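A short worksheet on the structure shown next.
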Ligand SMILES: Cc1ncc(COP(=O)(O)O)c(C=O)c1O
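Residue numbers (our numbering): 137 to 555.
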């Protein structure tokens, strides 16, 4: 494999530079990071650097929840930590089906529910970098006193008709966790639009929440150095068979921790993530934000290149952007035809051996499948499209380190396996 399989785009030198800036400038860097981030989204409203995307979501929900409204609409096909954040705020997730096309939502069910139930908020994820057009939904929600929270964990730099994803609804959250548009091994951003400003009291509460938990630059430096070491280990492992017993045991353990049984246990035991929003990450975030447009355009270009290779090959459908939508692709998501579903496992193994991190990664199960027994989680009717996506959706990498030859090899593997 002649390419770097890990898409995080910073190195030890960046960490050294960010550390120097963090020790020299202090807290002020966090404000600068927040302003620079907000400027990327068009500048309105406010941005608060928070420990994680899920912490941002909880903080947004905490500012809007009322006794009379305890439901939050959220797609069943989404990261389960989103549902968990809703539950932890004492609210009830109402699981929504996906639309017929990959990445879309069942808008009709969504609008119907907003009209008929006391819904506090709708969480709309712009999955894999494709922004959803939520203009009508936002208007409908506003008429019924429901807030729209955009989950931009996968989407930084996308837009709908000239408005940035993250500035379309009332609030938005971003994540700087692993395999996100900008990844710093943790941290997130909570953005509120000028229409739904976070009240000054809430903003200062959130700032003190963050400041009370902010790791010191020393702690962050150690964490981020460990993170880089972990990425280096990952880099070495991709495409390689396990060599030692310890490695084999480690991989088995990691498989088990993703198994259904283990997830059921960890759901109960899950702890809040450690605080990750400190001055050093703000310094690193500023540097990465500056570098990001080049990365974004390379990823988007790679997505289109791969899509063109797979078009008409009979391997399934990829997500695509409609008129007026500017995507900020993070991955390509291929929906494999039902009849070829049994070939996904072999395809995944084959791609892995070639150094491509691919397969049913995000997510192999929907939230209702994860939480069969959770009493506070309700399904808004059957969820056939969400289940199909979890069963037949394959993540394909399109990151900035892949060149045309790599994408040709990736497409060839997919076509040979599924064509
Ligand atoms: C779609 C989506 N939303 C939200 C999150 C939560 O972000 P964080 O891990 O920063 O809490 C994730 C995370 O992994 C995600 O994939």
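The beta carbon of each residue, even a glycine, is placed where N, CA and C say it ideally should be. These figures come from a predicted structure and were not determined experimentally.
Cβ-Cβ separation, residue j to residue i (assumed contact under 8 Å), whole Å
{"i": "residue 291", "j": "residue 265", "result": "5 Å"}
{"i": "residue 475", "j": "residue 553", "result": "So it is not a contact: roughly 14 Å between Cβ atoms."}
{"i": "residue 286", "j": "residue 302", "result": "6 Å"}
{"i": "residue 544", "j": "residue 445", "result": "7 Å"}
{"i": "residue 187", "j": "residue 461", "result": "So it is not a contact: roughly 31 Å between Cβ atoms."}
{"i": "residue 310", "j": "residue 200", "result": "Not really, about 18 Å apart at Cβ, beyond 8 Å."}
{"i": "residue 173", "j": "residue 183", "result": "5 Å"}
{"i": "residue 420", "j": "residue 243", "result": "Actually they do not touch by this definition, with Cβ atoms about 38 Å apart."}
{"i": "residue 424", "j": "residue 477", "result": "Residue 424 to residue 477, Cβ: 37 Å. No contact."}
{"i": "residue 487", "j": "residue 148", "result": "Not quite, the Cβ-Cβ distance comes to about 29 Å (not below 8 Å), so this is no contact."}
Exposed unless 16 or more other CB atoms sit within 10 angstroms - verdict on residue i
{"i": "residue 352", "result": "exposed"}
{"i": "residue 275", "result": "exposed"}
{"i": "residue 143", "result": "buried"}
{"i": "residue 521", "result": "buried"}
{"i": "residue 152", "result": "exposed"}
{"i": "residue 367", "result": "buried"}
{"i": "residue 430", "result": "exposed"}
{"i": "residue 511", "result": "exposed"}
{"i": "residue 347", "result": "exposed"}
{"i": "residue 340", "result": "exposed"}
{"i": "residue 336", "result": "exposed"}
{"i": "residue 350", "result": "buried"}
{"i": "residue 190", "result": "buried"}
{"i": "residue 426", "result": "exposed"}
{"i": "residue 546", "result": "buried"}
{"i": "residue 249", "result": "buried"}
{"i": "residue 293", "result": "buried"}
{"i": "residue 404", "result": "Because the pLDDT of residue 404 is 42, which lies under 50, any placement of that residue in the model is unreliable, and the question is left without a value."}
Alpha carbon of residue i to alpha carbon of residue j, nearest angstrom
{"i": "residue 175", "j": "residue 252", "result": "37 Å"}
{"i": "residue 281", "j": "residue 209", "result": "14 Å"}
{"i": "residue 312", "j": "residue 321", "result": "6 Å"}
{"i": "residue 185", "j": "residue 438", "result": "30 Å"}
{"i": "residue 246", "j": "residue 207", "result": "12 Å"}
{"i": "residue 193", "j": "residue 222", "result": "8 Å"}
{"i": "residue 489", "j": "residue 304", "result": "41 Å"}
{"i": "residue 467", "j": "residue 535", "result": "7 Å"}
{"i": "residue 306", "j": "residue 329", "result": "5 Å"}
{"i": "residue 154", "j": "residue 277", "result": "41 Å"}
{"i": "residue 415", "j": "residue 447", "result": "45 Å"}
{"i": "residue 150", "j": "residue 513", "result": "43 Å"}
{"i": "residue 273", "j": "residue 158", "result": "41 Å"}
{"i": "residue 255", "j": "residue 542", "result": "46 Å"}
{"i": "residue 362", "j": "residue 295", "result": "34 Å"}
{"i": "residue 225", "j": "residue 332", "result": "19 Å"}
{"i": "residue 463", "j": "residue 381", "result": "43 Å"}
{"i": "residue 258", "j": "residue 318", "result": "25 Å"}
{"i": "residue 530", "j": "residue 472", "result": "7 Å"}
{"i": "residue 459", "j": "residue 316", "result": "25 Å"}
{"i": "residue 180", "j": "residue 271", "result": "17 Å"}
{"i": "residue 216", "j": "residue 503", "result": "6 Å"}
{"i": "residue 501", "j": "residue 480", "result": "15 Å"}
{"i": "residue 548", "j": "residue 485", "result": "14 Å"}
{"i": "residue 457", "j": "residue 197", "result": "29 Å"}
{"i": "residue 537", "j": "residue 374", "result": "14 Å"}
{"i": "residue 195", "j": "residue 178", "result": "22 Å"}
{"i": "residue 229", "j": "residue 205", "result": "12 Å"}
{"i": "residue 260", "j": "residue 342", "result": "22 Å"}
{"i": "residue 167", "j": "residue 338", "result": "17 Å"}
{"i": "residue 359", "j": "residue 314", "result": "13 Å"}
{"i": "residue 300", "j": "residue 288", "result": "10 Å"}
Residue i versus the options, residue with shortest Cα-Cα distance
{"i": "residue 550", "options": "532, 181, 228, 538", "result": "532"}
{"i": "residue 470", "options": "453, 255, 169, 214", "result": "453"}
{"i": "residue 140", "options": "370, 334, 357", "result": "370"}
{"i": "residue 344", "options": "295, 357, 411, 293", "result": "411"}
{"i": "residue 212", "options": "523, 512, 340, 309", "result": "523"}
{"i": "residue 170", "options": "355, 480, 422", "result": "422"}
{"i": "residue 326", "options": "308, 338, 339", "result": "308"}
{"i": "residue 413", "options": "160, 248, 165", "result": "165"}
{"i": "residue 417", "options": "443, 356, 508, 555", "result": "356"}
{"i": "residue 237", "options": "263, 228, 229", "result": "263"}
{"i": "residue 240", "options": "334, 350, 187, 214", "result": "214"}
{"i": "residue 354", "options": "442, 146, 156, 147", "result": "156"}
{"i": "residue 506", "options": "293, 427, 365, 219", "result": "219"}
{"i": "residue 227", "options": "508, 202, 527", "result": "202"}
{"i": "residue 526", "options": "288, 498, 465", "result": "498"}
{"i": "residue 540", "options": "260, 269, 364, 443", "result": "443"}
{"i": "residue 555", "options": "260, 148, 365, 450", "result": "450"}
is_contact[residue i, chain B] using C-beta, thresh 8 Å
{"i": "residue 330", "result": "No chain B is part of this structure, which consists of one protein chain only."}
Inset, instruction - Indicate whether the contact test is met: 3 or more Cβ pairs, each with one atom in the segment 511-518 and one in the segment 231-246, closer than 8 Å. - result: yes
Legend entry - Segment contact flag, the segment 487-498 with the segment 433-451, C-beta cutoff 8 Å, min 3 pairs: no
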